[in-house]
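Asker:
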Amino acid sequence: MREPGRAGSNCILSHDPLDDVMELINNDPVSTRSESDMVNFPTLPDHVPCGSLLETVTINQFPGEPAVSSTWEPCHNSAQPTLIIKEQPKQRGMRFRYQCEGRSAGSILGESSNDQNKTLPTIVLLNCEGIREVHVSVCLVWKDHPYRVHPHALVGKDCHDGICEIILHPNEGETEHCFSNLGIQCVRKKEIESSVKARLKLGIDPFNAGMWRHHEEVDLNVVRLCFQAWYILPATQRMTIGPVLSEPVYDKKSTNTSELKICRMNKEYGRCEGGEEVYILCDKVQKEDIKVMFFDNSWEACANFSQADVHRQIAIVLKTPPYHDLHIRDPARVQVCLQRITDGIRSDGVTFTYLPREGDSYGLQRKRPRMSSPLEDLVGPDPHRIESRRRQARPSYIEYITPDYGSLPGMDYSVGNVMDPQLSPDYSAPLEDTTSNLEIFHTWITPELEEQAAASHFEGIPPYTDEDATASLVGHSLSLTGEQERMYSDCSYTDDMRMGGC
DNA sequence: TAAAGCGTCCC
DNA sequence: CGGGACGCTTT
1 MREPGRAGSN CILSHDPLDD VMELINNDPV STRSESDMVN FPTLPDHVPC
51 GSLLETVTIN QFPGEPAVSS TWEPCHNSAQ PTLIIKEQPK QRGMRFRYQC
101 EGRSAGSILG ESSNDQNKTL PTIVLLNCEG IREVHVSVCL VWKDHPYRVH
151 PHALVGKDCH DGICEIILHP NEGETEHCFS NLGIQCVRKK EIESSVKARL
201 KLGIDPFNAG MWRHHEEVDL NVVRLCFQAW YILPATQRMT IGPVLSEPVY
251 DKKSTNTSEL KICRMNKEYG RCEGGEEVYI LCDKVQKEDI KVMFFDNSWE
301 ACANFSQADV HRQIAIVLKT PPYHDLHIRD PARVQVCLQR ITDGIRSDGV
351 TFTYLPREGD SYGLQRKRPR MSSPLEDLVG PDPHRIESRR RQARPSYIEY
401 ITPDYGSLPG MDYSVGNVMD PQLSPDYSAP LEDTTSNLEI FHTWITPELE
451 EQAAASHFEG IPPYTDEDAT ASLVGHSLSL TGEQERMYSD CSYTDDMRMG
501 GC
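full-length UniProt numbering puts the first sequence at residues 1 to 502.
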């Protein structure tokens, strides 16, 4: 998954400051440098301090983006030997491994890798046709400027001392290289200093950034791959290429960078007015850095919950936000996802269906019976008030769409937990069986609704057009009563809150 | 002080 | 390679 707001390519269109940067770099008087300088692969012109040059790059199209563009080849038009990243490393999904976890630390995959087509991080040398040998090295650096060497180590094929080194022969057509079996071995906190010192001692410091006084402040959950290359010209001059930075690679195990995932939800249907309690089981999250979004093509809203509603990082109890149109007449399918606040990363969506209000739905004009009565609290001991809470809870989907129990032809009351808990003293079904509910739904709804629901069910995309969405938004703005507005004032209805907190 | 979170390691 | 135990650290 790419970061939000990032285009598919790092190439910047039309004229851009990167051209200027390229010019600076291409004019780098590298041949005037001594051999000892070359050990550290300096690339930046002496008269341009590293920081200021990098900032120049940063302030254009991608605010907040890494200061050094890693793949600027499409904008490159000189004949200088160049190294580009053809396939970025996959940013998420690989776990950094401790040394004690064994020799193999897994393998960094390519960004476009998937189950069917496995790819690997790949570099290409350009304008190197006549060169016999190009030495390429890869090391790990900090995610952010000034890209100090990272204590973690690259391990695997062609790796030693935490870096990976290979030799390419462009004059034999060998200009491209896939890095297979590259793993990231993480160090323990107490090993940060010794690891960095060892790296520096070997002359590994692509940006001449040295060691940070507060080296323990390094972010151990993210690295960038840093590619550098050198070759010898016939006149025995040593020439350098790079350094070129990859996109950041995040540790899968760390909760502040890992992929977000909704494992299960106890409810997939709910009232369009919102306010219903839903439990989400998820992979570890950080309670102060997580929100749950409900959204469709044209609308999104935050679910309502507090940090106390996040249970041990793996479950969230939330209240559904109201749908933007309280007067829907058909069930409205939306998506629910987790979103990390700090980086905006979202999980895959899970479908949630908003149901029309009573009376608004086609064919539903009769009143539902009351769901509880005072007598029912006397049914038996309920020390934890589980049953009584259950009765107070908003009706589940099937309760909601059923206008009058027992009156619908073709309804199978024996399936799942659609029986009213009050009617069955032994009732103790756990989470709702949504499959059953869905089946029942399809036995009840009109053919048109069924068709729509079925279609969108398989596409996984809400069956909306822009016109629908616009109409709904307008409808919504006209539909709120004063009381409803007060009731929902803490929830968002529109895109306005897209990047904001809740 | 207890609970939650994190880092590390084991299976 | 993923799940999770568990002890140490932080809140």
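We treat Cβ as the ideally placed atom computed from N, Cα and C, and that holds for glycine.
Does residue 503 come out as helix, strand or coil in the three-state DSSP assignment?
Answerer: In the structure as shown, the chain begins at 1 and stops at 502. Residue 503 is therefore absent and cannot be evaluated.
Asker: Give me whichever residues DSSP pairs with His215 in a beta bridge.
Answerer: In the DSSP output, where bridge partners are listed per residue, His215 has none listed.
Asker: Near Arg340, what residues of its chain come up, given a Cβ to Cβ distance below 7 Å and the 5 sequence neighbours on each side ignored?
Answerer: Closer than 7 Å at Cβ, skipping near neighbours: Leu260, Asp289, Ile290.
Asker: Below 8 Å, how does it come out for the region 144-156 and the region 109-128: are there three or more Cβ pairs, yes or no?
Answerer: Contact fails: fewer than three Cβ-Cβ distances are below 8 Å.
Asker: Starting from the Cα of Val317, find the closest Cα among Arg188, His324, Val278 and give me that residue.
Answerer: Taking only the C-alpha atoms, the option nearest Val317 is Val278.
Asker: At 4 residues or longer, and completely inside the region 162-207: list those alpha helix (DSSP H) runs for me, N to C.
Answerer: Whole alpha helix (DSSP H) segments, 4+ residues: 192-201.
Asker: So, at 7 Å on beta carbons, what are the nonlocal neighbours of Asn127 in its own chain, with the 5 sequence-adjacent residues on each side left out?
Answerer: If we look at Asn127 and ignore the five residues flanking it on each side, its Cβ neighbours are Ala79, Gln80, Pro81, Thr82.
Asker: Report the rounded CA-to-CA distance for Val124 versus Arg271, giving the unit in angstroms.
Answerer: Going from the Cα of Val124 to the Cα of Arg271 covers about 55 Å.
Asker: Following the continuous beta strand (DSSP E) through Trp230, name the residue where it begins and the one where it ends.
Answerer: Start and end: 222-232.
Asker: Would a C-beta distance cut-off of 8 Å place Cys164 and Ser137 closer than the cut-off?
Answerer: In this structure, Ser137 lies closer than 8 Å to Cys164 by Cβ.
Asker: Indicate the three-state DSSP secondary structure (helix, strand or coil) for Gln286 in the structure shown.
Answerer: Here Gln286 sits in coil by DSSP.
Asker: Does the region 165-179 come into contact with the region 213-224, if we say contact requires no fewer than three beta-carbon pairs (one atom in each stretch) closer than 8 Å?
Answerer: Segments in contact, no.
Asker: Measure the Cβ-Cβ separation of Cys282 and Ile241 and say whether it is below 8 Å.
Answerer: The answer is no: Cβ separation not under 8 Å.
Asker: Please work out which residues of its chain come closer than 6 Å, Cβ to Cβ, to residue 504, disregarding the five sequence neighbours upstream and downstream, and give them in chain order.
Answerer: Outside the displayed range of the chain (1 to 502) lies residue 504, so it cannot be described from this structure.
Asker: Assign Ala308 to one of three DSSP states: helix, strand, or coil.
Answerer: Three-state result, Ala308: helix.
Asker: Classify Ala235: buried if its beta carbon has 16 or more other beta carbons within 10 angstroms, exposed otherwise.
Answerer: Under this definition Ala235 is an exposed residue.
Asker: Would the beta-carbon of Pro322 fall within 8 Å of that of Gly274?
Answerer: Yes; because the gap between Cβ atoms is below 8 Å, this pair is in contact.
Asker: How many angstroms separate the CA atom of Thr320 from the CA atom of Gly110?
Answerer: Taking the straight line from one Cα to the other gives about 37 Å.
Asker: Give the DSSP-derived three-state secondary structure of Cys100 in the structure shown.
Answerer: Helix at Cys100.
Asker: If you drop the 5 nearest sequence neighbours on each side, which residues of the same chain put their C-beta closer than 8 Å to that of Phe305?
Answerer: Around Phe305: Val292, Ile316, Val317, Leu318, Lys319.
Asker: Please say whether Asp161 and Leu202 have beta carbons closer to each other than 8 Å?
Answerer: Yes. Within cutoff.
Asker: Count the other CB atoms within 10 Å of the CB of Ala308; is the residue buried (16 or more) or exposed (fewer)?
Answerer: Exposed.
Asker: Rounded to whole angstroms, how far is the Cβ of Glu247 from the Cβ of Gln88, which I believe are closer than 8 Å?
Answerer: Right, the Cβ-Cβ distance comes to about 5 Å (below 8 Å), so this counts as a contact.
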